[in-house]
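All letters in the sequence shown, in the order written, are residues 1 to 253 by the UniProt record's numbering.
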Amino acid sequence: MATGRTHRPATRSRGIPEATVARLPLYLRALTALSERSVPTVSSEELATAAGVNSAKLRKDFSYLGSYGTRGVGYDVEYLVYQISRELGLTQDWPVAIVGIGNLGAALANYGGFASRGFRVAALIDADPAMAGTPVAGIPVQHTDDLDRIISDNGVSIGVITTPPGAAQQVCDRLVAAGVTSILNFAPTVLSVPEGVDVRKVDLSIELQILAFHEQRKAGEDSAAEDEGAPPMRATPASRKGPDGDMPAVMPA
Numbered sequence: 001m002a003t004g005r006t007h008r009p010a011t012r013s014r015g016i017p018e019a020t021v022a023r024l025p026l027y028l029r030a031l032t033a034l035s036e037r038s039v040p041t042v043s044s045e046e047l048a049t050a051a052g053v054n055s056a057k058l059r060k061d062f063s064y065l066g067s068y069g070t071r072g073v074g075y076d077v078e079y080l081v082y083q084i085s086r087e088l089g090l091t092q093d094w095p096v097a098i099v100g101i102g103n104l105g106a107a108l109a110n111y112g113g114f115a116s117r118g119f120r121v122a123a124l125i126d127a128d129p130a131m132a133g134t135p136v137a138g139i140p141v142q143h144t145d146d147l148d149r150i151i152s153d154n155g156v157s158i159g160v161i162t163t164p165p166g167a168a169q170q171v172c173d174r175l176v177a178a179g180v181t182s183i184l185n186f187a188p189t190v191l192s193v194p195e196g197v198d199v200r201k202v203d204l205s206i207e208l209q210i211l212a213f214h215e216q217r218k219a220g221e222d223s224a225a226e227d228e229g230a231p232p233m234r235a236t237p238a239s240r241k242g243p244d245g246d247m248p249a250v251m252p253a
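Given below as structure tokens:
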């Protein structure tokens, strides 16, 4: 089986737009679920709904792959799984190194979904000498002093950074110097990399803040809707007669 160091995905050379590339994993996830249920074919509308996009955009995306489906039948599920997996480079073996084996790094090392998607956790690296040799998910943690050798020995081209933010840039620089050309960054900081190195950032706090914004907006819309649906207040005369004479319409607090 080919390794990630010697083969690169064909998407850029094929001229597939980055926006389409970003949606391919969504299609693949939906198709994999259909495949596991032994569904042979799927319409563009059904697949678009499962992937959370509109069907016109899906058909446009698939045209870049040279896949147009069959009128009245739809798309062959197994063939699309293979086709998208090939475009994403998932028919190859991609050794991955995780740097920073705290709670998050250990959780990623224990995640069982990597192997089925073409990724193999080849190395776990941490700066704490006390962690050296400690097995996590059956893989012994190695010290950052040996990072260059670890990357070279395992043919790693994808690095995952799960360190504290203050250490992330230094780790990134060392990974790049060792030959890593793609980095998945979980540290809450922006990394600077040379041209030719791809960085994808996963910031859970930012995602939560975006959700908080939407929750606040929904709460505001609900409140406005309640105000619109409330019955109009009856007009109150300026004064009315009481047993002791005129009473003000609004009593002082």
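A virtual CB, placed ideally from N, CA and C, is assigned to each residue, including glycine.
The structure presented is a predicted model; accordingly, all values stated were derived computationally and were not measured.
For residue 23, the enclosing alpha helix (DSSP H) has its first and last residue at 18-36. Within its own chain, the residues whose Cβ lies closer than 6 Å to the Cβ of residue 44, once the five positions on either side in sequence are excluded, are 55, 58, 59, listed in chain order. With a threshold of 16 other beta carbon atoms within 10 Å, residue 207 falls short and is exposed.
Taking C-alpha positions only, residue 61 is separated from residue 26 by approximately 12 Å.
Going by beta carbons, residue 73 and residue 31 fall outside the 9 Å limit. Note that the C-beta distance between residue 186 and residue 202 is below 9 Å. For residue 137, same chain residues with a beta-carbon under 6 Å away, outside a window of 5 residues either side, are 109, 110 in chain order.
Residue 106 has its alpha-carbon roughly 14 Å from the corresponding atom of residue 128. Closest option to residue 165, judged by alpha-carbon separation, among 132, 50, 188, 159: 188. A direct Cα-to-Cα measurement between residue 156 and residue 224 gives close to 54 Å.
Under the three-state reduction of DSSP, residue 210 is assigned to helix.
The beta carbons of residue 197 and residue 181 sit closer together than 9 Å.
Within the UniProt domain "CoA-binding" (89-190), the complete beta strand (DSSP E) segments of 3 residues or longer fall at 94-99, 119-126, 139-143, 158-161, 182-185, listed in chain order. Sixteen is the threshold: when 16 or more other Cβ atoms of the shown chains lie within 10 Å of the Cβ of residue 47, as they do, the residue is buried. For residue 74, the beta-bridge partners assigned by DSSP are 70. By the C-beta density criterion, residue 95 is buried, having at least 16 other C-beta atoms within 10 angstroms. In the structure shown, the three-state DSSP call for residue 198 is strand. Judged by DSSP secondary structure, residue 43 falls outside any alpha helix (DSSP H); it is assigned neither H nor E.
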